[in-house]
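Chemist: The working numbering puts the sequence shown at residues 2 to 97.
Where a beta carbon is used, it is the ideal one built from N, C-alpha and C, also for glycine.
Computed from a prediction, not measured in an experiment: that's the story for all the values here.
If you scroll down you'll find the structure; I have some questions about it.
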Amino acid sequence: MLELECVLRSRYGFRPKILAAAIAGIAALPNVVLGERLAVLAAAEQLARGWDFADALHHALSAGCDEFVTLDTDHAKRAAKHTGGTATAVPKVVRL
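Shown next as structure tokens:
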């Protein structure tokens with residue numbers, strides 16, 4: 002689904018709400034089997050709300066974890082603002 006979303010967005014110009022509907026529609030097909038289906042659907046909902054799909058999927062897959070660590074400060078800010086679940090942390094980068 003990550004690859005599908007990326008190609009439809011970057012190569013064909015699909016907008017987030019259309020992409021979210023397409024992902025949900027594909028997930029609903031009886032002959033489609035998805036690993037982590039609920040996380041994919043949650044990420045599609047977040048995509049429709051303005052999240053990056055990959056960020057939303059990573060965050061959805063972290064449900065139940067005590068903390069989600071990312072180097073992406075925009076993702077951390079968005080997650081802190083829009084979710085009440087998993088805490089998102091940005092580690093300090095140490096230069097060697």
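Between Met2, Leu48, Asn32, which has its C-alpha nearest His76's C-alpha?
Modeler: Position 75 of the sequence shown, counting from 1, holds the residue named residue 76. For His76, the nearest C-alpha among the options comes from Leu48.
Chemist: Tell me the residue span of the alpha helix (DSSP H) that contains Val8.
Modeler: The sequence position of residue 8 within the sequence shown is 7, counting from 1. Here the alpha helix (DSSP H) through Val8 covers 3-11.
Chemist: Would you be able to state if there are at least three C-beta pairs under 8 Å between the segment 59-68 and the segment 34-44?
Modeler: They touch, by the three-pair rule.
Chemist: What's the C-alpha gap between Leu39 and Ala64?
Modeler: On the sequence shown, residue 39 is found 38 positions in, with the first residue counted as 1. On the sequence shown, residue 64 is found 63 positions in, with the first residue counted as 1. Each residue's Cα considered, the two are about 11 Å apart.
Chemist: Which of the three DSSP states, helix, strand or coil, is assigned to Thr54?
Modeler: Indexing the sequence shown from 1 puts residue 54 at position 53. According to the sequence provided, residue 54 is Phe. The question's Thr does not apply to it. Residue state, collapsed to three classes: helix.
Chemist: Starting from the C-beta of Ala28, find all residues in its chain whose C-beta is less than 7 Å away, skip the five residues before and the five after it, and write them out in chain order.
Modeler: Taking the first residue of the sequence shown as position 1, residue 28 is located at position 27. The residues are Leu35, Arg38, Val41, Leu42.
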